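Each number in the working numbering comes from the position in the sequence shown (counting from 1) with 11 added on. Beta carbons: idealized from backbone N, C-alpha and C, even for Gly. Treat the numbers as computed from the prediction; the structure is a model and nothing was measured. Accompanying notes for the structure given below.
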Amino acid sequence: MICLTLSGSTLMENAETIRSNRAYIDAAELRVDYLNEDEQKKASLFPAMVDIPVILTLRRTIDGGRCGLSERQRRSILLSALEGDFAYVDIEDDIKRSDVEDKAREKGVKIIRSFHDFSGIPDDIYSRIYKAAEKGDIAKAAVTPHSVADLLTLFHVSDELKGIDKIIIGMGEWGVASRILYKRCGSMLTFAASGTAVAPGQVNARDLKLLYRADRISDRTAIYGVIGNPVYHSTSPQIHNPGFHAINYDAVYLPFLVDNIRSFFALAEYLKMRGFSVTIPFKTQVLMFLGRISREVKQIGSCNTVVRVPGMWKGYNTDYYGFLSPIVRDIESGRIKSALVIGAGGASKAIVWALRNRGVKVTILNRTLSRAADIAALNFCEFDTLENAKKYEGTVDLVVQTTSVGLYPDFDLNPIEGFRFTGREIVYDIIYKPRMTKILTEAEKAGCTLHFGEEMLLEQGKLQFEMFTGYHYPKSVSDE
Ligand code: ATR
Numbered sequence: 012m013i014c015l016t017l018s019g020s021t022l023m024e025n026a027e028t029i030r031s032n033r034a035y036i037d038a039a040e041l042r043v044d045y046l047n048e049d050e051q052k053k054a055s056l057f058p059a060m061v062d063i064p065v066i067l068t069l070r071r072t073i074d075g076g077r078c079g080l081s082e083r084q085r086r087s088i089l090l091s092a093l094e095g096d097f098a099y100v101d102i103e104d105d106i107k108r109s110d111v112e113d114k115a116r117e118k119g120v121k122i123i124r125s126f127h128d129f130s131g132i133p134d135d136i137y138s139r140i141y142k143a144a145e146k147g148d149i150a151k152a153a154v155t156p157h158s159v160a161d162l163l164t165l166f167h168v169s170d171e172l173k174g175i176d177k178i179i180i181g182m183g184e185w186g187v188a189s190r191i192l193y194k195r196c197g198s199m200l201t202f203a204a205s206g207t208a209v210a211p212g213q214v215n216a217r218d219l220k221l222l223y224r225a226d227r228i229s230d231r232t233a234i235y236g237v238i239g240n241p242v243y244h245s246t247s248p249q250i251h252n253p254g255f256h257a258i259n260y261d262a263v264y265l266p267f268l269v270d271n272i273r274s275f276f277a278l279a280e281y282l283k284m285r286g287f288s289v290t291i292p293f294k295t296q297v298l299m300f301l302g303r304i305s306r307e308v309k310q311i312g313s314c315n316t317v318v319r320v321p322g323m324w325k326g327y328n329t330d331y332y333g334f335l336s337p338i339v340r341d342i343e344s345g346r347i348k349s350a351l352v353i354g355a356g357g358a359s360k361a362i363v364w365a366l367r368n369r370g371v372k373v374t375i376l377n378r379t380l381s382r383a384a385d386i387a388a389l390n391f392c393e394f395d396t397l398e399n400a401k402k403y404e405g406t407v408d409l410v411v412q413t414t415s416v417g418l419y420p421d422f423d424l425n426p427i428e429g430f431r432f433t434g435r436e437i438v439y440d441i442i443y444k445p446r447m448t449k450i451l452t453e454a455e456k457a458g459c460t461l462h463f464g465e466e467m468l469l470e471q472g473k474l475q476f477e478m479f480t481g482y483h484y485p486k487s488v489s490d491e
C-alpha cells in the first residue's frame, strides 16, 4: 500500500489532498497532531469523508509529532476519534495497555505498534518488532539510517522477520531506497508525501505510484539505480523507469545515496541488482570492484555504467557516446575539425578522448594547468590556462564546456567570461541544469549553433538502457 501522510490543519483540507492524490494512493494517515484544536475534536468524522482506509495517529513531540498534551488528554482525543471508522490506530510501543487499545480491539480497528528513532537504528529493532507482532499487532519501526551499511540492515530485517506484519521506514536522506523498495523490506506500506516540496527522504505519492511503481515491485522485479553523492537531483529515473514500462519489463530504477562504495556493492549483491549508473564522485572509485571493463573504460579511466554479468560486475562508459551522438554528423562531415574543451575533470577525460578518437584537434583549457596537461599528454593534444581563453577566439569549430561553472544555482557564471564567439562555432555545454547556461546564452547572441547537456544525458541514458535490458530504448514513452 502507498499511504499518504496528511498534515493539513483541517479535515476538509486533508480530504481535498486525498482527492487530488487519489489515483496514486491506497490509504492515508490522518495526523491529528497537525489539525487545529477544534478540528481535532471532530477527527471521528474523517473516515466517512473519504473512500480509503485511514490510519489514526496523534504523534507526540518526542516521536517527531506536534502533540504536546498530557497522556490523559491525548487518550481522550484518540478515544473520541475512534468513534469514526478508522481502519488502523497508531499506538506507540511504550504505551501500557489503555482504554484506547481496548476500544480499538472492540471495534476491530487494527493497531499499529510504532517506535521512532531519529538518531539511528536501535540494536533491539528485531526484538521490538517481534514483540509487537506477538500481540497480534502490526509493528512499525521508523528509524534513521546514516549510511549504505545502515540501509542494508533495514533490508536484512525482512529476511529475519519473514511472515510478520510490519512497517519499516528508513527516515532521512539515507532511507529513500527503503521507502521505494518497501516491499523488499517486508513492509506492508510506505508513507508518501503529497506535494513536490518534501522533507529529505520523503518521496511524493505520484512518483511512488507512476515513476517507481513501488506497489508493484516483487521479488522478481529487477533492480537498477544510480549511485552518487549527491544523487537525488539525478533525472536518470525519469529516463529508465518510463523505458522499462514501455517495453513491459518488470524492473525499477532508483537513486542510491552512497557514502562507501564497498558497502554499496554489498547492498547491490543483496538486492541482486542487475546494473546501475555511476555519477560523481564514484566514476573512478568504482573501477576496483569491477571484474571486467570495456575498452572505453580502460582508455578513459572512468566508468558510468555497471552491469551484472555472470559472477561479476562489468563496467562501461556511455558518457563518451552520449556526448558524441549530437555532433557526430558534424564531425563526419568535416564541419568540426578542431575543438576547445573547457575543464579537465572526469567528464573532460571522456570528452577529450571521444573527440581525439574521431580525429578532432583538441585544446584543453583549465584553471589548474597541470590537470589539463595530464589529459593532454594522454590524448596528444594542446592545453592552456583559462585566462588565455581569448587567444583562441575564432580559431575553433567547437567549444565544449565541461566544468561545473554555471551549474544551478550559479547560472550567471561563465568559465570563459568575455570570450567572443564569431557565430560560426558550435557550442556545447554538458551542464543540464539549467538548460540554457550563461555561456550558451552568449553563444546564441553571437549566432552559434548550440547543444545542450540534456541531449548528452538522454543519449548516454538510452545506451545504458540497452546495456541494462538488451532492448533499444523505446521510441515513445509516457510517464503515466
Ligand atoms: P567532473 O568529473 O564533473 O568533471 P571534477 O573532476 O571535479 O568534475 O572537475 C571539475 C572541473 O571544473 C575542473 O576542470 C575544475 O577546474 P580545476 O581542475 O582547476 O579544479 C573546474 N572548475 C570547478 N570550479 C571551477 C571554478 N570556480 N572556476 C574554474 N574552473 C572550475
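Distance, residue j Cα to residue i Cα
i: residue 35; j: residue 221; result: 7 angstroms
i: residue 407; j: residue 350; result: 5 angstroms
i: residue 439; j: residue 409; result: 8 angstroms
i: residue 479; j: residue 430; result: 41 angstroms
i: residue 132; j: residue 162; result: 9 angstroms
i: residue 370; j: residue 334; result: 15 angstroms
i: residue 227; j: residue 13; result: 11 angstroms
i: residue 476; j: residue 253; result: 11 angstroms
i: residue 455; j: residue 442; result: 16 angstroms
i: residue 463; j: residue 447; result: 8 angstroms
i: residue 20; j: residue 45; result: 6 angstroms
i: residue 80; j: residue 71; result: 8 angstroms
i: residue 291; j: residue 241; result: 8 angstroms
i: residue 262; j: residue 328; result: 22 angstroms
i: residue 317; j: residue 39; result: 38 angstroms
i: residue 22; j: residue 33; result: 16 angstroms
i: residue 379; j: residue 17; result: 51 angstroms
i: residue 68; j: residue 185; result: 25 angstroms
i: residue 51; j: residue 65; result: 15 angstroms
i: residue 310; j: residue 170; result: 42 angstroms
i: residue 272; j: residue 293; result: 8 angstroms
i: residue 424; j: residue 449; result: 6 angstroms
i: residue 156; j: residue 219; result: 20 angstroms
i: residue 111; j: residue 98; result: 14 angstroms
i: residue 223; j: residue 190; result: 11 angstroms
Nearest to residue i (by Cα), restricted to the options the options
i: residue 104; options: 435, 271, 289, 139; result: 139
i: residue 304; options: 324, 286, 90, 293; result: 324
i: residue 168; options: 185, 145, 193, 146; result: 193
i: residue 115; options: 127, 125, 102; result: 102
i: residue 390; options: 368, 396, 378, 379; result: 368
i: residue 384; options: 436, 137, 360, 157; result: 360
i: residue 255; options: 17, 16, 486; result: 486
i: residue 56; options: 484, 96, 78, 190; result: 96
i: residue 165; options: 135, 148, 145; result: 135
i: residue 137; options: 122, 173, 117; result: 173
i: residue 386; options: 364, 404, 405, 450; result: 364
Residues of its chain near residue i, where Cβ-Cβ distance is below 7 angstroms and the 5 sequence neighbours each way are ignored
i: residue 388; result: none
i: residue 336; result: 470
i: residue 188; result: 162, 265, 267
i: residue 24; result: none
Cβ neighbours of residue i in the same chain (closer than 8 angstroms, five flanking residues each side left out)
i: residue 230; result: 195
i: residue 94; result: 55
i: residue 11; result: This structure cannot settle anything about residue 11, because the visible part of the chain is limited to 12 through 491.
Proximal residues to residue i (C-beta, below 6 angstroms), its chain only, five neighbours per side dropped
i: residue 366; result: 350, 373
i: residue 73; result: none
i: residue 457; result: 432, 434
i: residue 76; result: 44, 70
i: residue 376; result: 353, 395, 397, 400
i: residue 332; result: 474
i: residue 444; result: 419
i: residue 258; result: 482, 485
With 16 other Cβ atoms within 10 Å as the buried cut-off, status of residue i
i: residue 143; result: buried
i: residue 124; result: buried
i: residue 47; result: exposed
i: residue 420; result: exposed
i: residue 277; result: exposed
i: residue 198; result: buried
i: residue 482; result: exposed
i: residue 49; result: exposed
i: residue 15; result: buried
Three CB pairs or more closer than 8 angstroms across the stretch 152 to 164 and the stretch 175 to 184: Touching, yes, given that three or more Cβ pairs across the two stretches are closer than 8 angstroms.
Validate contact between the stretch 53 to 64 and the stretch 19 to 32 using beta carbons, cut 8 angstroms, 3 pairs: Verdict: yes, contact present.
Stretch pair the stretch 299 to 306 + the stretch 239 to 253: three plus CB contacts closer than 8 angstroms: Result no; under three Cβ-Cβ pairs closer than 8 angstroms.
At least 3 beta-carbon pairs within less than 8 angstroms: the stretch 414 to 430 vs the stretch 352 to 363: Taking one beta carbon from each stretch, the stretch 414 to 430 and the stretch 352 to 363 have 3 or more pairs nearer than 8 angstroms; the two touch.
Three CB pairs or more closer than 8 angstroms across the stretch 224 to 244 and the stretch 278 to 290: Verdict: yes, contact present.
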